[in-house]
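Asks:
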Amino acid sequence: MSAHPAVPDRALAVWCPDWPVLAVGADPDTAAAVVVKGLIAACSAAARAEGVRRGQRTRDAQRLAPGLALHARDEAAEARAFEPVLAVLADFTPRYEVVRPGLAALPLEGPARYFGGEDLVVRAIRDRVGEAGIGAGVGVADGVFAASLAARSDTQVVPGRTAEFLASFPTSVLDLPELVDPLSRLGVRTLGRLAELPADAMTGRFGAAGVAAHRLARGLDAQPPAPLRQGPDLAVEAVFDPPADGSERIVFAAKALADELHAVLAQAGVAGVRVAVEIHGAAGPGAEPEVSYRLWRHEGLLSSTAVAERVRWQLSGWQTALQADHQNPDNQNPDTPGVSPETPTADQGITRLRLIPDHLVPARGVQPGLWGANEAPDRIARAAERLQAMYGPNAVTLPADAGGRSPADQGVRTSYGDLPPTGAEPAPWPAALPAPAPADVPRAPRPAEVTDAAGAPVGVSGRLRISARPARLALPEGGERLRILSWAGPWPLAERWWEPEAAVRRARFQAVTDDGRAWLLSVQDGRWFVEAVYD
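Each residue of the sequence shown is one higher than the one before, counting from 46 in our numbering.
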């Protein structure tokens, strides 16, 4: 343990920059970005050089970088691609933890003592990760938070000087916009300035979030570092008999277990800084069962669905490791039986899933907002669950992404509380529209009329030749008549041509009208429709 009770233990962090972009296979030397809900979630260095930044709207980013390649985020792919890094860390300690795919940390005291010092551990991990073909920064500091920031610049912070190192960082690194925005309006824009504020003032104004932010800015752990003495076993588990051979069954069981774990921790008045996911594989005849064990940083912020998603990622990475093991038999060591955190025997299915809270601390609760904003999600959840109890699970649904060529096909609705559907690999969907997606997609295409400057209907031939330039757009339902300022197209779309009764053949256009709106129009059998409207 650290000499001073308030100083966190030394930690080492491995940070892979722009990981969401690299995980989807984008070329790091080209302008590329990952988009979530119409906003830039991550971008390559080449994109940043053209002015693209996280949080930008995709339209603004494309205006800055016209050649920007946009990709949907694939968190399962991020977890799978991160497996080589985790395999390296597992060779130094089994107690590494995954903050998120692309960022992992480990306690440094044990490895440093065993391998001969911090410098040797840092050098060895950096070399091993580089040999795996992955560029990464390695940072060392007091505590995981500071080590994660140090990894961005390959820095080893001198013990006891973590607060000094953190002082120049902007408060935005806390990733707490509900706290960072009001602090910024008060002139508190760096961690050093935040650390100077009185602790009781932060507690009174921002509650538990303020306490955690203030402690992090001072180079301490977000929670008091002394964990509670371990009482009764708070782990929860599910047993699969017969063994589960599909990830969906395990993931849905994980969500139920996470709900149970949250209830157990709340009843005990504690919270877990990390949660360990332990998955047991079924053993074949005469074989030792394998176990996948991984620590995920929790900090009391992961919902049940988020915990289940991490189980999905761990299963996905496990399968990747298994396939690599089968493809590289020289890497196998039949003389070493027992538990392996990275090479499971999942062929026979999964027999047990355990969620184990790690590093227990007193539950601090949540400071309610002035208007009770923090209570709203709980009220919404309770109301949704009551409606589902009365009218069935499909009474409350949420939208989720899906595959398709038309905007109406690219979304599905899932029951509230369920995980969104996932596929092994996204289909290519030729002729699908590129991002950004339109904001308004009617349930059914709306009838429209497109005419030329003389008022004659515009038509499209079988060879995609238009009869005249589109000049007017009329919407009979609302009585709107708009002037078309610019347009692009036509683009053909032919589906299910092998089934005459279900075959679809139409041409699509994009148009901008004089009221500032952008439209996705289609023409089929001489009739025009509005498929979607862009924001």
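Glycine included, C-beta positions come from ideal geometry on N, C-alpha and C.
Tell me whether Trp148 is buried or exposed, calling it buried when 16 or more other Cβ atoms sit within 10 Å of its Cβ.
Replies: The amino acid at residue 148 is misidentified as Trp; the sequence shows Leu. The residue in question, Leu148, is buried, as its Cβ has 16 or more Cβ neighbours within 10 Å.
Asks: Would you give the residue range spanned by the alpha helix (DSSP H) that Val296 belongs to?
Replies: Ser292 to Ala313 is the extent of the alpha helix (DSSP H) around Val296.
Asks: Ser229 lies in the alpha helix (DSSP H); which residues open and close that run?
Replies: Unbroken alpha helix (DSSP H) run through Ser229: Pro222 to Arg230.
Asks: Between Ala186 and Ala195, what straight-line distance do the alpha-carbon atoms span, to the nearest angstrom?
Replies: Taking the straight line joining both Cα atoms gives about 7 Å.
Asks: How is the alpha helix (DSSP H) around Gly529 delimited, first residue to last?
Replies: It is Ile, not Gly, that sits at residue 529 in the sequence shown. No alpha helix (DSSP H) contains Ile529, which is instead part of the beta strand (DSSP E) from Glu525 to Glu540.
Asks: Could you check whether Leu538 and Arg5 sit closer than 9 Å to each other, using their CB atoms as the reference points?
Replies: The question about residue 5 has no answer, for the chain in this structure spans 46 to 580.
Asks: For Ser213, which residues of its own chain have a beta-carbon under 7 Å away from its beta-carbon, when the five flanking residues on both sides are left out?
Replies: Cβ neighbours of Ser213 beyond the five flanking positions: Thr235 and Gly237.
Asks: Secondary structure at Thr581, three-state DSSP: helix, strand or coil?
Replies: The structure shown has nothing for residue 581, since the chain only spans 46 to 580.
Asks: If you count every other CB in all the chains shown that lies within 10 Å of the CB of Met247, and 16 or more means buried, which is it?
Replies: Buried: at least 16 other Cβ atoms inside 10 Å.
Asks: For Val284, is the classification buried or exposed, using 16 other Cβ atoms within 10 angstroms of its Cβ as the cut-off for buried?
Replies: Val284 is exposed by the Cβ-count criterion.
Asks: From which residue to which residue does the alpha helix (DSSP H) around Asp164 run?
Replies: Counting along the chain, the alpha helix (DSSP H) containing Asp164 begins and ends at Glu163 to Glu176.
Asks: Where does Trp474 fall in DSSP's three states?
Replies: Trp474: coil per DSSP, three-state reduction.
Asks: Taking contact to mean at least 3 C-beta pairs separated by less than 8 Å, is the segment 522–536 in contact with the segment 552–564?
Replies: Yes: at least three Cβ pairs fall under 8 Å.
Asks: According to DSSP, is Tyr461 helix, strand or coil?
Replies: In the structure shown, Tyr461 sits in coil (DSSP, three-state: anything other than H, G, I, E or B).
Asks: If you count every other CB in all the chains shown that lies within 10 Å of the CB of Leu509, and 16 or more means buried, which is it?
Replies: By the neighbour-count rule (16 or more Cβ atoms within 10 Å), Leu509 is not buried but exposed.
Asks: Any idea if Val80 is buried or exposed, counting beta-carbon neighbours within 10 angstroms, 16 or more meaning buried?
Replies: Buried: at least 16 other Cβ atoms inside 10 Å.
Asks: So for Glu544, helix, strand or coil by DSSP?
Replies: In the structure shown, Glu544 sits in coil (DSSP, three-state: anything other than H, G, I, E or B).
Asks: Which one of Val218, Ala519, Ser460 and Ser567 has the shortest CA to CA distance from Leu504?
Replies: It is worth fixing the name first, because residue 504 is Gly in this sequence and not Leu. The candidate whose alpha carbon is nearest that of Gly504 is Ser567.
Asks: On the CB-based measure, 16 or more other CB atoms within 10 Å of its CB, does Lys82 come out buried or exposed?
Replies: When all chains shown are included, Lys82 counts as exposed.
Asks: Any idea if Ser451 is buried or exposed, counting beta-carbon neighbours within 10 angstroms, 16 or more meaning buried?
Replies: Its Cβ being crowded by 16 or more others within 10 Å, Ser451 is buried.
Asks: Near Ser47, what residues of its chain come up, given a Cβ to Cβ distance below 7 Å and the 5 sequence neighbours on each side ignored?
Replies: Note that Ser47 scores 44 on pLDDT, short of 50, meaning its location in the model is unreliable; the coordinates nonetheless yield the value given after this. Closer than 7 Å at Cβ, skipping near neighbours: Pro53 and Asp54.
Asks: Expressed to the nearest angstrom, what Euclidean distance is found between the alpha-carbon atoms of Glu323 and Ala428?
Replies: In a straight line, the C-alpha of Glu323 is about 33 Å away from that of Ala428.
Asks: List the whole-angstrom C-beta distance separating Gly182 from Arg197, where the pair is believed to meet the contact cut-off of C-beta under 8 Å.
Replies: Yes, they are in contact, since the Cβ atoms of Gly182 and Arg197 sit about 6 Å apart, within 8 Å.
Asks: Helix, strand or coil for Ile425 per DSSP?
Replies: Helix.
Asks: Is the distance from the Cβ of Arg98 to the Cβ of Ser361 below 9 Å?
Replies: Cβ atoms of Arg98 and Ser361: not closer than 9 Å.
Asks: Nearest to Arg173 by alpha carbon, out of Leu131, Pro227, Ala68 and Glu544?
Replies: Taking only the C-alpha atoms, the option nearest Arg173 is Leu131.
Asks: List the endpoints of the continuous alpha helix (DSSP H) containing Ser193.
Replies: Note, Ser193: alpha helix (DSSP H), Val189 to Ala196.
Asks: Can you name, in chain order, every residue of its own chain whose Cβ lies under 7 Å from the Cβ of Ala289, other than the five neighbours on each side?
Replies: Answer for Ala289: Ile295, Gly394 and Ile395, listed in chain order.
Asks: Using the beta-carbon count (16 or more within 10 Å), is Val203 buried or exposed?
Replies: Classification for Val203: exposed.
Asks: From Glu618 to Ala548, what does the alpha carbon distance come to, in whole angstroms?
Replies: Absent from the model: residue 618. The displayed extent of the chain is 46 to 580, so no value can be given.
Asks: Is Leu211 near Ala56, with beta carbons less than 9 Å apart?
Replies: Not in contact: Leu211 and Ala56 (Cβ atoms no closer than 9 Å).
Asks: I'd like the list of long-range same chain contacts for Ala498, defined as Cβ closer than 6 Å, with 5 residues on each side in sequence excluded.
Replies: Around Ala498: Ala516.
Asks: Decide if Ser506 is buried, meaning its Cβ has at least 16 other Cβ atoms within 10 Å, or exposed.
Replies: Ser506 is exposed by the Cβ-count criterion.
Asks: In this structure, does DSSP put Phe160 in helix, strand or coil?
Replies: In this structure, Phe160 counts as helix in the three-state DSSP scheme.
Asks: How would you write the range of the alpha helix (DSSP H) that Leu134 sits in, first residue to last?
Replies: From DSSP, the alpha helix (DSSP H) with Leu134 extends over Glu128 to Ala135.
Asks: Does Glu323 come out as helix, strand or coil in the three-state DSSP assignment?
Replies: Correct three-state label for Glu323: strand.
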